[in-house]
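Read the structure below first, then the notes.
Numbering (our numbering), first residue to last: 779 to 945.
Now the structure itself:
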């Protein structure tokens with residue numbers, strides 16, 4: 779028989795639910811949202827997990843590659859689809875969400891999300907950091923320009939590196 783694990787991931791904790799191929803809930807537990815904790819719990823179970831699934835979110839890349847490295851077949855599901863499916867449930871708790879995610883995983887009624895490589899995420903982080911730094915630099919230059927106007931000092935439209943030294 780095949781067994782599926784659904785994870786409802788939050789920043790600090792992770793609700794885990796394991797169901798069999800018929801949809802029967804076998805195991806449920808709340809764990810810290812750490813790869814070692816999740817992998818240790820799932821490998822210690824007396825059943826072999828066919829697939830692990832969770833909805834896309836801020837920790838999805840970390841969990842995806844971490845659990846894949848532990849040897850699991852991992853699927854990151856499109857959050858809007860999962861949310862639409864889980865909205866039909868009466869009580870919205872982490873535990874019930876993990877149950878619903880496990881059932882969605884079992885039935886196959888989901889769209890997997892393409893997980894970008896760690897290198898692509900690193901480049902994106904560098905580019906967004908650069909953009910933020912440039913924005914802050916422009917804001918700071920404009921702030922200084924505004925403060926100097928109070929004292930009658932007018933700067934040229936463009937200020938190059940080190941040009942405040944001569945003022």
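We put the CB at the ideal spot given by N, CA and C, even for glycine.
Query                                                                                                : Result
What are the boundary residues of the beta strand (DSSP E) that residue 837 is part of?              : Premise fails: residue 837 is in no beta strand (DSSP E) and is neither H nor E.
Helix, strand or coil for residue 831? Go by DSSP, reduced to three states.                          : strand
With C-beta atoms as the reference, is residue 903 less than 8 Å away from residue 794?              : no
Going by the DSSP bridge assignment, what does residue 783 pair with across the sheet?               : 796, 830
Using only the alpha-carbon positions, how far apart do residue 914 and residue 932 sit?             : 21 Å
Counting along the chain, where does the beta strand (DSSP E) carrying residue 807 start and finish? : 803-810
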